[in-house]
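2 protein chains.
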Amino acid sequence: MRKSTLRDVSRATGLSIFTVSKALNGGEGVSELSREQVLKAARELGYIPNRAAQELRKASRDSIAVVTASTSNSYYLDLMAGIQQMLQPSDWTVVVGDVAVNGAYDPALEDRMIRRLIESRTAGVISTLRLSFDNTQLLERWGVPLVFVDSSPPEDKPSLPSVTTDNYNASLMVGEHLAGHGYKRWLFLVYPSKWTSRFDRERGIRDAARFHGAHVDVIESENDPASASAAFADYLAAQGRLPDVLITGNTPLLLGAMTLVRQRAIRIPDDMALIGFDEFAWAPLIDPPVTVLNERSEEIGRVAARTLAAIIASQTEAEARGQPANPQYLPQYRQQVPAALVVRRSCGCGGGPHPFVAKETSR
Amino acid sequence: MRKSTLRDVSRATGLSIFTVSKALNGGEGVSELSREQVLKAARELGYIPNRAAQELRKASRDSIAVVTASTSNSYYLDLMAGIQQMLQPSDWTVVVGDVAVNGAYDPALEDRMIRRLIESRTAGVISTLRLSFDNTQLLERWGVPLVFVDSSPPEDKPSLPSVTTDNYNASLMVGEHLAGHGYKRWLFLVYPSKWTSRFDRERGIRDAARFHGAHVDVIESENDPASASAAFADYLAAQGRLPDVLITGNTPLLLGAMTLVRQRAIRIPDDMALIGFDEFAWAPLIDPPVTVLNERSEEIGRVAARTLAAIIASQTEAEARGQPANPQYLPQYRQQVPAALVVRRSCGCGGGPHPFVAKETSR
DNA sequence: GGTTTCCTCCTAAACGTTTAGGTTTTACCG
DNA sequence: CGGTAAAACCTAAACGTTTAGGAGGAAACC
Chain A
1 MRKSTLRDVS
11 RATGLSIFTV
21 SKALNGGEGV
31 SELSREQVLK
41 AARELGYIPN
51 RAAQELRKAS
61 RDSIAVVTAS
71 TSNSYYLDLM
81 AGIQQMLQPS
91 DWTVVVGDVA
101 VNGAYDPALE
111 DRMIRRLIES
121 RTAGVISTLR
131 LSFDNTQLLE
141 RWGVPLVFVD
151 SSPPEDKPSL
161 PSVTTDNYNA
171 SLMVGEHLAG
181 HGYKRWLFLV
191 YPSKWTSRFD
201 RERGIRDAAR
211 FHGAHVDVIE
221 SENDPASASA
231 AFADYLAAQG
241 RLPDVLITGN
251 TPLLLGAMTL
261 VRQRAIRIPD
271 DMALIGFDEF
281 AWAPLIDPPV
291 TVLNERSEEI
301 GRVAARTLAA
311 IIASQTEAEA
321 RGQPANPQYL
331 PQYRQQVPAA
341 LVVRRSCGCG
351 GGPHPFVAKE
361 TSR
Chain B
1 MRKSTLRDVS
11 RATGLSIFTV
21 SKALNGGEGV
31 SELSREQVLK
41 AARELGYIPN
51 RAAQELRKAS
61 RDSIAVVTAS
71 TSNSYYLDLM
81 AGIQQMLQPS
91 DWTVVVGDVA
101 VNGAYDPALE
111 DRMIRRLIES
121 RTAGVISTLR
131 LSFDNTQLLE
141 RWGVPLVFVD
151 SSPPEDKPSL
161 PSVTTDNYNA
171 SLMVGEHLAG
181 HGYKRWLFLV
191 YPSKWTSRFD
201 RERGIRDAAR
211 FHGAHVDVIE
221 SENDPASASA
231 AFADYLAAQG
241 RLPDVLITGN
251 TPLLLGAMTL
261 VRQRAIRIPD
271 DMALIGFDEF
281 AWAPLIDPPV
291 TVLNERSEEI
301 GRVAARTLAA
311 IIASQTEAEA
321 RGQPANPQYL
331 PQYRQQVPAA
341 LVVRRSCGCG
351 GGPHPFVAKE
361 TSR
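Listed in order, the protein sequences are those of chains A and B.
Be aware that the first sequence starts at 1, since it is given in full-length UniProt numbering, and climbs by one per residue.
Be aware that the second sequence starts at 1, since it is given in full-length UniProt numbering, and climbs by one per residue.
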């Protein structure tokens, strides 16, 4: 049994390739009889269209890419869920492109990925990290709309859309909570600035510390647990004592820090309090349950997907009117999603079996 | 700035399309001067080839698909890592196809996915779940090699390759450990048989129970935490008391069960012991640290990828000799990877700060 | 009977590459 | 300078679709 083409179906039915194509795609101008014959023959021959040929002919763009690094971060799964939810119905194909090898971001991989996406004439891109200037340039040149999530565009392209947590206010809120506990010496363990949410988070923490008369040390680690563990250990070795509270920039860093905490038998929150960015499924089950800033990645995904879809729609509409097909980026496409603090035990809040309070950042 | 084609580059250089193509692809028979000119022009024009056209012409098959459901299960990330590791160097593109919507497996989605994969002339498929007979049939008809991981082929196609954990022996080992603790009443909370690893796991647990004179109840839950929680609650309501030990079939089910455990303030391992299938990053940090059967998904991924690559290679070789291009499935393609028991505290093993013992299933 | 209208179906030209086979140019040699 | 071989390049045909434009015939109208 061999791979069959439209021509095979055409031969089998005695109808022309044109008619067969029309019949299969539900077009007008085909008699019911012919259509039935075609469908029957196609089924029997196991005909499945060749997508490459379709795309070539239709210049079709029906897939959307999500660019990500360090997929192991669980927020990414929620993000994807949000995106899928929004895009599935209008049947876009969502593909994910990982630009990390063995968990570490690789610029060469970023270049390769963007090229690939253009090669396959992707309709739009959602990126979880700041892309290089050249790559945003390239996408623009090829008229591929781009939306950043949880990250901001390169400085030279400030008008590009982005959907982020309200990181600054969220961090202020975290700081306020810590100050409420009376902690004076904070440690912020954070990932590299390739993930640009770092800037606002760090700024918020620093401002909160200044405002509340606390001192904050910031240490940077690669975006994986092992590096985080090492960075934390180095800090402790240099300082000789624990901070009042450790703030971890995201879940992989939290995992790394917790591993060291366990090894050194550090008691939380007695010896040191702990608070983390990003909610995750196991947080309530850890010993002790971890207080966390929930950044609502699913909602972020939905907003980003909706935005991208809108841009593409207006683009194809302009194209239909024969106008230049460059994506139009409106100012209102820069959006922030509020975050909520999920208070558990690690921050020092005592509590019954389920200490669970949620506050929201004001918008 | 508009999208440029080979023809544009050709016009810009005064060379023919043929020469331009050769030059870009590093082919012979192009003078150094011409090549330079072509590369320069291509760069200036921002030329990027159209993949659809290339694929159509070359009938190229350079991507491999991983079919999965319920991505949220973290073992899948390790699996992917193993596959990528093996396939990245030979520059296959690995795409993942999720056949679950909102975490729930959907047969219609499976059909759609397989069709899509054939449409895009995917070179090979790795599936984490048993596919329908029709779909395996379809893939076979189109000459697309198929390897199952952590799951087995439909009964009608027993010769298809599969790479699984040595689930039966692993389960025996789990049972033996439980018997060693003297537990007599076991509860096995397990996912639906769509994921075929269930069969061997259940059989192993049952055999071990029989051998050691224990009683085992098996309850089935959908493959997500909420369902697991509900199923466990139902069981408790019906029984009126806790089992000696709860065995969870995978990580999402463990999460669901643990959530209920926390709600009901069940003390582990005092009130009930706990042991789970599949290792995951947070297991050592849970309260108490969870004893787990580590199924080595990364290794499974590597083996599966290697097997698939071998099948494809022999297939293309046969094709080159003008022979039938159906994939050849050899008996040795059915492989089992040993698993290891990671003993922590939840099973009742007391222990210092790091009770960490690893045993392997004998092969 | 001639004209118009409507259906159904067809031919042929694209889409942007790769490649088989051929032709021109260049380089070299006697 | 003629002849030959290699190098450089070209023309044209494919790959499997979709689609613009039109042919053919039957029914409907005058």
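We put the CB at the ideal spot given by N, CA and C, even for glycine.
As DSSP reads the structure, A/Ser127 sits in a beta bridge with A/Val67, A/Phe148.
Residues of the region 100-113 of chain A with a C-beta atom less than 8 angstroms from some C-beta of chain B are Val101, Asn102, listed in chain order. 7 angstroms or more divides the Cβ of A/Leu260 from the Cβ of A/Ser221. A direct Cα-Cα distance of roughly 25 angstroms separates A/Phe18 from A/Ala320. Assignment of beta-bridge partners to B/Asn294 by DSSP yields B/Ala340. Each residue's CA atom was taken as its position, placing A/Gly175 and A/Ile266 some 22 angstroms apart.
Nearest in C-alpha terms to A/Leu172, of all of A/Leu45, A/Pro145, A/Asp207, A/Val163, is A/Asp207. If you check the CB distance, A/Pro154 and A/Ile311 do not come in under 7 angstroms. Taking C-beta atoms as the reference points, A/Leu285 and B/Met258 count as a pair closer than 7 angstroms.
DSSP, reduced to helix, strand and coil, places A/Phe280 outside both helices and strands of the structure shown, so it counts as coil.
When secondary structure is reduced to three states using DSSP, A/Ile17 falls in the helix class.
Per DSSP, the beta-bridge partners of B/His215 are B/Arg185.
Looking at the backbone, the Cα of A/Arg334 and that of A/Val67 are separated by about 18 angstroms. In this structure, the CA atom of A/Thr316 is about 7 angstroms from the CA atom of A/Ala325.
A/Ile268 sits in coil when the DSSP states are folded into three classes, being neither helix nor strand.
In this structure, the CA atom of A/Ala12 is about 27 angstroms from the CA atom of B/Pro327. Note on geometry: alpha-carbon atoms of A/Arg51 and B/Arg130 lie some 26 angstroms from one another. Not one beta carbon of chain B lies nearer than 7 angstroms to the beta carbon of A/Glu299. In terms of Cβ geometry, A/Asp200 and A/Tyr75 do not form a close pair [threshold 7 angstroms]. If you draw a 10 Å sphere on the C-beta of B/His177, you find 16 or more other C-beta atoms in it, and that means buried.
A direct Cα-to-Cα measurement between A/Leu308 and A/Thr128 gives close to 14 angstroms. Shown here for B/Thr248: same chain residues with a beta carbon closer than 7 angstroms to its own, the five before and five after excluded, namely Leu189, Leu254, Ala257, Gly276, Phe277 in chain order. In the structure shown, A/Leu274 adopts extended strand secondary structure according to DSSP, grouped into three states. For the region 246-280 of chain B, the set of positions with a beta-carbon nearer than 7 angstroms to some beta-carbon of chain A reads Leu255, Met258, Arg262, Ala265 in chain order. With respect to B/Tyr329, B/Pro158 sits apart: the two C-beta atoms are not nearer than 7 angstroms. A Cβ-Cβ distance of about 12 angstroms is found for the pair B/Arg121 and B/Arg57, leaving them out of contact under the 8 angstroms criterion.
B/Thr136: member of the alpha helix (DSSP H) spanning 133-141, first to last residue. Around the beta carbon of A/Gln332, fewer than 16 other beta carbons lie within 10 angstroms, which makes this residue exposed. Considering only beta carbons, the part of the region 30-49 of chain B lying closer than 8 angstroms to chain A consists of Gly46, Ile48, Pro49, in chain order.
In this structure, the straight-line span from the alpha carbon of B/Phe232 to that of A/Glu202 is close to 43 angstroms. Put simply, the backbone Cα of B/Leu274 is about 53 angstroms away from that of B/Ala59. At a cut-off of 7 angstroms between beta carbons, A/Ser120 contacts chain B. In the same chain as A/Ser63, and ignoring 5 residues on each side of it, the C-beta atoms closer than 8 angstroms to its own belong to Trp92, Thr93, Val94, Val95, Ser120, Thr122, Ala123, in chain order. For B/Asp287, the neighbours in chain A by C-beta distance under 9 angstroms run, in chain order, Leu285, Ile286, Asp287, Pro288, Pro289. If the five residues before and after B/Ala69 are omitted, its C-beta is found closer than 6 angstroms to the C-beta atoms of Val99, Ala100, Tyr105, Leu129, all from its own chain and listed in chain order. With a cutoff of 7 angstroms on beta-carbon distance, A/Glu295 and A/Ala339 are scored as near each other.
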